[in-house]
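One structure is given here, and the rest of the page talks about it.
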Amino acid sequence: MSLIRRIIDRLYSRSTRRYKVTLLGLDNAGKTTLLYKLKLGKVVATIPTAGFNVETIQVRSKGGRFVKVDCWDASGCHRFPASFMKAYTSDSDALVWLVDSCDRERIAQSVEELRQNIDILVTDATNPGQTSIPVLIVATKQDLPNLMSIDEIRVKFAQATKGSSFFLTGTTLEENLTEGAFRDALYWLLAEIKGTRAGNLLSSPPAAVAADQGVRRLTQLGTVE
């Protein structure tokens, strides 16, 4: 085990009420913006991340219980070799993957990076025999023109998420993350992490989310065979 890995394990130990979630995606997908909006409840000015941001946020589960979630935000993940990334992403309970809804030129790269990172996280999972990890895909910038629809993004990521339990939702800068579609996505993520730690992914899919404020959101639910 590397020195970096040992330090991280000591600082961010696992517990039944503390989860580790890794936020990944290509550069400019909105990872840092989302992280600090979750923590502070508002959009703050950010600069491109060089390395990693780590923040602990309180997330309310569907049952009303607050859970501490250590969120690891990495700069454009394609910039680092897999061996370097593993020191930070090892033992993650779930992966949140952000994709820029307007970046058509790099959507194929985003899909491939997601596939590779799922493989890395599953290989380095804590639970023996674990073959998948919960994946929440967040399509950002859903209020901008010339975007890819949620349907289109779902189709493009279908192969990369094959065999994984995943949830796909869209978001905007103005959206309140404590209600509506994104809140339901977090409910799903927390429940899925709990189930994975117990050795079982959820068998019943969460409810689909209706359109809100003119932005269509569609969830890809459950496990893709």
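Quick note: the sequence shown, position 50, residue 174 per our numbering, numbers continuous. Yeah, the Cβ is synthetic: ideal placement off N, Cα and C, and Gly gets one too.
Considering residue i, what are the terminal residues of the alpha helix (DSSP H) in which it resides?
i: Q233; result: I231 to T247
i: E298; result: Unbroken run through E298: none, as it is neither H nor E.
When the Cα atoms are used, what is the spatial distance from residue i to residue j?
i: T295; j: G323; result: 30 Å
i: I244; j: Q254; result: 12 Å
i: F281; j: V259; result: 11 Å
i: T264; j: W196; result: 18 Å
i: L301; j: T247; result: 31 Å
i: K144; j: D215; result: 8 Å
i: D275; j: I257; result: 23 Å
i: C226; j: D151; result: 13 Å
i: R142; j: I231; result: 32 Å
i: G154; j: V262; result: 10 Å
i: T293; j: F306; result: 7 Å
i: L148; j: V193; result: 15 Å
i: V220; j: T146; result: 6 Å
i: G304; j: Y311; result: 11 Å
i: K166; j: E179; result: 15 Å
i: K186; j: Q233; result: 34 Å
Just to confirm the assignment, what range does the beta strand (DSSP E) spanning residue i have?
i: L104; result: Any property of residue 104 remains undetermined from this structure, which presents the chain solely from 125 to 349.
i: D224; result: A218 to D224
i: G154; result: Per DSSP, G154 belongs to no beta strand (DSSP E) and is neither H nor E.
i: V183; result: F176 to R184
Give the DSSP-derived three-state secondary structure of residue i in the structure shown.
i: R189; result: coil
i: I303; result: The sequence as given places Glu at residue 303; Ile does not occur at that position. Looking at E303 - three-state DSSP - the assignment turns out to be coil, as it is neither helix nor strand.
i: D194; result: strand
i: K144; result: strand
i: D215; result: coil
i: K166; result: coil
i: A322; result: coil
So within the region 248-285, which uninterrupted beta strand (DSSP E) runs reach at least 3 residues, ignoring any that extend past its ends?
The region 248-285 contains, as complete beta strand (DSSP E) runs of 3+ residues, the segments 259-264 (chain order).
Using 8 Å as the threshold, is the region 262-269 in touch with the region 229-239, meaning 3 or more CB pairs across them?
Remark: fewer than three beta-carbon pairs, one from each stretch, lie closer than 8 Å, so the region 262-269 and the region 229-239 are not flagged as touching.
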